[in-house]
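Visitor: In the numbering used here, the protein residues as written are 11 to 354. Think of the CB as a built atom: it goes at the ideal place given N, C-alpha and C, for glycine as much as any other residue.
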């Protein structure tokens, strides 16, 4: 019987031409290792088929090597229906596994934060990534009180600018609106998702950018510019259909992928031509729209980068647990498609 030699941390260190302690730091998610060295170590692990000894590391470090991914029930439907979530989840999972961590999905009922905290505390995870946040979320205060490491995937408070990885949504709203204004559009509506009467923080910021551009071009800002929809396909379809029975905005900014695809289908069904009759811009990941025709003009957000960086930020909190990390944001990119044209 041939005995297969198990790949050890020493083998990885030799293959990557680094020290054993460097490999250990990479496995533990330490920020003391440069990106170049970390990539080299991770490549060696993959090449050699190295599998971290999670049990031994747990005994030594007191860690479970598990990251909790917390999604409330009100957000769970979004995870299932919104096509951007699989991209984000894939990036989070792959990054976590590269450090020897596993992902535990936690789905507490409702938004009662007392039960929410109990769910988080009773699961054997070293820290938590929390998806979705309405403005001024109080959950962070409870987590800080119990010294639980966490990060958000969007801004969670007007008072705090830390502990989240996201995009410059104010700029995203601004560049999308400015592009339409430069094409001659003046009757522009922004459509955002409404969650039980509340807006997610990224939509609040996009609205700020939207209003900033209107103000810069000397156009009035009023409540009629902002439209709220529940976000589900059938509801959004009927919402947009009814909108165009009453008025005819020349262009729409659509806050998520589901609403964008629904709007496109609805308008085409109603006999409109895109972009001759109506221009559309969506926010999201460009790959989600690659098979949609006409090709949508998109404020592209790099969810793979966001997922990787969320894991890196959380592991820094878990391992150092001294300072709360500053927020990390990235500029989105406006990618011009075939769904926008000059106002006629």
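Note the first and the last residue of the continuous beta strand (DSSP E) segment covering residue 249.
Guide: By 1-based counting over the chain shown, the position of residue 249 is 239. For residue 249, there is no enclosing beta strand (DSSP E); the residue is found in the alpha helix (DSSP H) stretching over 243-256.
Visitor: Compute the distance between the beta-carbons of residue 354 and residue 193, then report whether it is under 8 Å.
Guide: Position 344 of the chain shown holds residue 354. Position 183 of the chain shown holds residue 193. Cβ atoms of residue 354 and residue 193: not closer than 8 Å.
Visitor: Using CA atoms only, rank isn't needed, just tell me which of 238, 114, 48, 348 is closest to residue 213.
Guide: Position 203 of the chain shown, counting from 1, holds the residue named residue 213. Comparing Cα positions, the closest option is 238.
Visitor: Does DSSP put residue 347 in a helix, a strand or coil?
Guide: Against the chain shown, residue 347 aligns to sequence position 337. It is coil, neither helix nor strand.
Visitor: By DSSP, does residue 48 sit in helix, in strand, or in coil?
Guide: As a first step, residue 48 must be located in the chain shown, where it is residue number 38. Three-state result, residue 48: helix.
Visitor: Tell me, to the nearest whole angstrom, how far the beta carbon of residue 136 is from that of residue 232; I am working on the premise that it is less than 8 Å.
Guide: Mapped onto the chain shown, residue 136 falls at position 126. Mapped onto the chain shown, residue 232 falls at position 222. Going by Cβ atoms, the distance from residue 136 to residue 232 rounds to 48 Å, so no, they are not a contact pair.
Visitor: Tell me, please, which residues DSSP counts as bridged to residue 200.
Guide: Against the chain shown, residue 200 aligns to sequence position 190. 236, 263, per the DSSP bridge assignment.
Visitor: Ends of the beta strand (DSSP E) at residue 307?
Guide: The residue given as residue 307 occupies position 297 in the chain shown. It spans 307-310 - the beta strand (DSSP E) in which residue 307 sits, taken as one unbroken run.
Visitor: Can at least three beta-carbon pairs, one atom from the stretch 325-343 and one from the stretch 171-190, be found at a separation below 8 Å?
Guide: The answer is yes - the stretch 171-190 touches the stretch 325-343, with three or more Cβ pairs under 8 Å.
Visitor: Beta strand (DSSP E) containing residue 138: first to last residue?
Guide: Position 128 of the chain shown, counting from 1, holds the residue named residue 138. Residues 137-140.
Visitor: Where does residue 319 fall in DSSP's three states?
Guide: Your numbering for residue 319 matches position 309 in the chain shown. Correct three-state label for residue 319: helix.
Visitor: Ordered along the chain, which non-local residues of its own chain (more than five positions away) have a Cβ less than 8 Å from that of residue 180?
Guide: Position 170 of the chain shown, counted from the first residue, corresponds to residue 180. Excluding positions up to five away in sequence, the list reads 215, 216, 218, 219, 222.
Visitor: My assumption, with CB atoms under 8 Å, is that residue 186 sits in contact with residue 236. Please give the rounded CB distance.
Guide: Looking up residue 186 in the chain shown gives position 176. Looking up residue 236 in the chain shown gives position 226. In fact, because the Cβ distance is near 14 Å, the residues do not count as touching under 8 Å.
Visitor: Is residue 340 helix, strand or coil when you go by DSSP?
Guide: Counting from one through the chain shown, the residue named residue 340 turns up at place 330. Correct three-state label for residue 340: strand.
Visitor: Inspect the beta-carbon positions of residue 269 and residue 201 and report whether they are closer than 8 Å.
Guide: Looking up residue 269 in the chain shown gives position 259. Looking up residue 201 in the chain shown gives position 191. Yes; because the gap between Cβ atoms is below 8 Å, this pair is in contact.
Visitor: According to DSSP, which residues form a beta bridge with residue 112?
Guide: Counting from 1 along the chain shown, the entry for residue 112 is found at position 102. The partner list for residue 112 (beta bridge, DSSP) reads 76.
Visitor: With C-beta atoms as the reference, is residue 293 less than 8 Å away from residue 266?
Guide: Taking the chain shown and counting its residues from 1, one reaches residue 293 at position 283. Taking the chain shown and counting its residues from 1, one reaches residue 266 at position 256. Against a cut-off of 8 Å, the Cβ pair of residue 266 and residue 293 comes out as a contact.
Visitor: Please list, in chain order, all residues of the same chain as residue 20 whose beta carbon is under 8 Å from its beta carbon, the five residues on each side excluded.
Guide: Stepping through the chain shown from its first residue, residue 20 is reached at position 10. Around residue 20: 30.
Visitor: Given residue 280, which residues of its chain have a CB within under 8 Å of its CB, disregarding the five upstream and five downstream residues?
Guide: Position 270 of the chain shown, counted from the start, is the residue given in the question as residue 280. The answer, listed in chain order, is 251, 254.
Visitor: Can you tell me whether residue 7 is buried or exposed? The criterion is at least 16 other CB atoms within 10 Å of its CB, across all chains shown.
Guide: A query on residue 7 cannot be resolved here, the shown segment of the chain reaching from 11 to 354 and no further.
Visitor: Would you kindly work out how many angstroms separate the C-alpha atoms of residue 58 and residue 110, rounded to a whole number?
Guide: Here residue 58 corresponds to residue number 48 of the chain shown, with the count starting at 1. Here residue 110 corresponds to residue number 100 of the chain shown, with the count starting at 1. Residue 58 and residue 110: Cα-Cα distance of roughly 15 Å.
Visitor: From which residue to which residue does the alpha helix (DSSP H) around residue 289 run?
Guide: Counting from one through the chain shown, the residue named residue 289 turns up at place 279. That residue, residue 289, is in no alpha helix (DSSP H); its beta strand (DSSP E) goes 289-294.
Visitor: How many Å lie between residue 277 and residue 94 at the Cα?
Guide: By one-based count along the chain shown, residue 277 stands at place 267. By one-based count along the chain shown, residue 94 stands at place 84. Computed Cα separation, rounded: 23 Å.
Visitor: Looking only at C-alpha atoms, which of 305, 167, 106, 229 sits nearest to residue 274?
Guide: As a first step, residue 274 must be located in the chain shown, where it is residue number 264. Ranking 305, 167, 106, 229 by Cα distance to residue 274 puts 305 first.
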